[in-house]
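Chemist: Take a look at the following structure, please.
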Amino acid sequence: MTKKILITGGAGFIGSHLARRLLADGLEVTVMDNLFTGTKANIYDMLENPRFTFMLHDVTQPFWGQFDEIYNLACPASPIHYQRNPVETTKTSFLGMMNVLELALKTKARVFHTSTSEIYGDPVVHPQPESYWGNVNTIGTRSCYDEGKRAAETLCADYMREYNVDVRMIRIFNTYGPNMHPKDGRVISNFVMQALKNQDITLYGDGSQTRSFQFVDDLIAAMCTFMNMELQTVNTFFESKGMEIPVLNVGNPDEYTIKELATETLRQIPSCSGNLVYMPLPKDDPKRRKPDITLARELLGWEPKVPLQEGLAKTIKYFSGIALKST
Ligand code: NAD
Ligand code: UDP
276 MTKKILITGG AGFIGSHLAR RLLADGLEVT VMDNLFTGTK ANIYDMLENP RFTFMLHDVT
336 QPFWGQFDEI YNLACPASPI HYQRNPVETT KTSFLGMMNV LELALKTKAR VFHTSTSEIY
396 GDPVVHPQPE SYWGNVNTIG TRSCYDEGKR AAETLCADYM REYNVDVRMI RIFNTYGPNM
456 HPKDGRVISN FVMQALKNQD ITLYGDGSQT RSFQFVDDLI AAMCTFMNME LQTVNTFFES
516 KGMEIPVLNV GNPDEYTIKE LATETLRQIP SCSGNLVYMP LPKDDPKRRK PDITLARELL
576 GWEPKVPLQE GLAKTIKYFS GIALKST
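One gets my numbering by counting positions in the sequence shown from 1 and adding 275 to each.
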């Protein structure tokens, strides 16, 4: 029997890559999305595939279906979008997770949850291992996302402990690549679109804050390997590490300042004559971020393969077509 997969948030950036990969693996894929930040353009090429179904639905509203596996991705990920309607963001993280876990409990589906490096907040431990509890403001403008995602992790942990639902969680560190929305607002799409349109590059703060950027293909490889592992293998591994709950950091540990990213973008788009312009740093913007991926390396036998220079070039190629259409 062909495995049936549900991807909530599957019309977004990461979800559309995941859907394409799972279809290529021969599986039946249903994408559920309310198109808040995702678009049909991201899944257009899959709509005709008889093993693909699109379901316009809000994950905060209960739903039903018999699936073998549910990947929970529904949630806006860019600060400008998740702060646009912050109550909705918290609801999506918490109620969406709850609905996914309830369905999984009733139907015995395996769950994959995409958590985030934001659960570490503005970290005081560097790089961040999974054992770090984080440094998060509960009442700031980023809290709707950070705390929503933290509460979703708590739900996963308790559905595992209380009801034995099979859940695998990853904490994704800044990921980029084709299919990001050109107006997504995150730093790579902003810089690339600005440079392609010969505009100034907007650096928030002095550009000394760091991030570690992962190309989307590396993320999808880690997700699928983790999801396909036998439950016993997963449990044995985490028990051997003294961890009760399976959660992995997934990211590329190569760390760059945002100013270095701007310089590299301009190096790859030499036609841009824009300047670096400095704008106020958003509130609670983390100063440093870099994953400790020791556990993912060991469990998955996985390593991020795409360096920033190469991934950026692929992303610029994707956005070039879009920038041409919108000018
Ligand atoms: P995205 O904004 O492109 O995708 C999110 C998708 O969820 C969109 O298609 C959106 O329409 C959908 N969605 C939002 N609210 C919904 C709702 N209530 N009901 C149904 N669908 C809804 O973002 P992305 O980068 O693809 O992120 C996917 C997941 O990965 C998110 O959960 C995000 O928190 C997580 N993540 C991403 C990154 C990253 O760097 N891209 C980092 C950490 C975590
Ligand atoms: N950033 C920037 N210019 C932009 C967009 C973002 O300098 O046009 C900065 C932002 O302040 C943050 C970093 O780039 O320090 C990464 O921002 P992004 O929104 O991509 O992700 P997150 O802050 O969630 O890691």
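Every residue gets a Cβ at the ideal spot worked out from N, C-alpha and C, and that includes glycine.
Taking only heavy atoms of the ligand UDP into account, decide whether any of them is closer than 7 angstroms to the Cβ of L478.
Modeler: In this structure, the ligand UDP has a non-hydrogen atom nearer than 7 angstroms to the beta-carbon of L478.
Chemist: Tell me, to the nearest whole angstrom, how far the beta carbon of S487 is from that of G526; I am working on the premise that it is less than 8 angstroms.
Modeler: 6 angstroms
Chemist: So, using beta-carbon positions, are V552 and L506 closer together than 8 angstroms?
Modeler: no
Chemist: Note down the Cα distance separating F327 from M373, rounded to an integer number of angstroms.
Modeler: F327 and M373: Cα-Cα distance of roughly 25 angstroms.
Chemist: Residue range of the beta strand (DSSP E) that R446 falls in?
Modeler: Run containing R446: 442 to 447, per the beta strand (DSSP E) assignment.
Chemist: Given this structure, state the Cα-to-Cα distance separating G340 from T382, to the nearest angstrom.
Modeler: 8 angstroms
Chemist: I'd like the list of long-range same chain contacts for E377, defined as Cβ closer than 8 angstroms, with 5 residues on each side in sequence excluded.
Modeler: Answer for E377: P337, listed in chain order.
Chemist: Since V522 and R446 should fall inside the 8 angstroms C-beta cutoff, what is the C-beta to C-beta distance between them, to a whole number of angstroms?
Modeler: 7 angstroms
Chemist: Since I believe I282 is in contact with L348 (beta carbons under 8 angstroms), could you give me their beta-carbon distance rounded to a whole number of angstroms?
Modeler: 6 angstroms
Chemist: Is any non-hydrogen atom of the ligand UDP found closer than 7 angstroms to the C-beta of E393, if you look at the structure I gave you?
Modeler: Checking the Cβ of E393 against the ligand UDP gives yes.
Chemist: Are the stretch 555 to 567 and the stretch 468 to 475 in contact at 8 angstroms, needing three or more beta carbon pairs?
Modeler: no
Chemist: Return helix, strand or coil for H388, following the three-state DSSP convention.
Modeler: strand
Chemist: Can you give me the Cβ contacts of F329 inside the same chain, cut-off strictly under 6 angstroms, excluding the 5 residues immediately before and after it?
Modeler: V306
Chemist: Mind checking whether the beta-carbon of V442 lies closer than 7 angstroms to any heavy atom of the ligand NAD?
Modeler: no
Chemist: For F466 and T538, which I take to be in contact (beta-carbon distance under 8 angstroms), what is that distance rounded to the nearest angstrom?
Modeler: The Cβ separation is near 10 angstroms, so there is no contact.
Chemist: Count the other CB atoms, across all protein chains shown, that sit within 10 Å of the CB of Q310; report buried if there are 16 or more and exposed otherwise.
Modeler: Sequence check: residue 310 is Leu here, not Gln. Per the 10 Å Cβ criterion, exposed.
Chemist: For the candidate residues F369, G290, I345, whose alpha-carbon lies nearest to that of I318?
Modeler: G290
Chemist: Quick test of the definition: if touching needs 3 or more C-beta pairs under 8 angstroms, does the stretch 420 to 439 touch the stretch 351 to 368?
Modeler: yes
Chemist: Please go through the same chain and pick out, in chain order, the residues whose beta-carbon is closer than 8 angstroms to the beta-carbon of A588, but skip the five residues on each side of it.
Modeler: Q543
Chemist: Using 8 angstroms for Cβ pairs, my map puts P457 next to R563. What's the rounded Cβ distance?
Modeler: In this structure P457 is not in contact with R563, their Cβ atoms being roughly 28 angstroms apart against a cut-off of 8 angstroms.
Chemist: For W577, collect the residues of the same chain with a Cβ closer than 7 angstroms to its Cβ; drop the 5 residues on either side in sequence, then sort them by chain order.
Modeler: A496, A497, T500, A571
Chemist: Among all the DSSP beta bridges, which residues are the ones paired with E303?
Modeler: K279
Chemist: CB-CB under 8 angstroms to N410, same chain, minus the five flanking residues each way: which ones, in chain order?
Modeler: Y395, G396, D397, P398, V399
Chemist: Roughly how many whole angstroms lie between the Cα atoms of N412 and V581?
Modeler: 33 angstroms
Chemist: Please classify D333 as buried or exposed, where buried requires at least 16 neighbouring CB atoms within 10 angstroms.
Modeler: buried
Chemist: Can you tell me where the alpha helix (DSSP H) holding S619 begins and where it ends?
Modeler: What is shown of the chain runs 276 to 602, which leaves residue 619 out entirely.
Chemist: Along the chain, where does the beta strand (DSSP E) containing L551 start, and where does it finish?
Modeler: 551 to 554
Chemist: Using DSSP with H/G/I as helix, E/B as strand and the rest coil, what is T312?
Modeler: coil
Chemist: Quick check: what's the CA-CA separation for Y451 versus N503?
Modeler: 24 angstroms
Chemist: With a threshold of 7 angstroms, establish whether the CB of R425 neighbours any heavy atom of the ligand UDP.
Modeler: No, the beta carbon of R425 sits no closer than 7 angstroms to any heavy atom of the ligand UDP.
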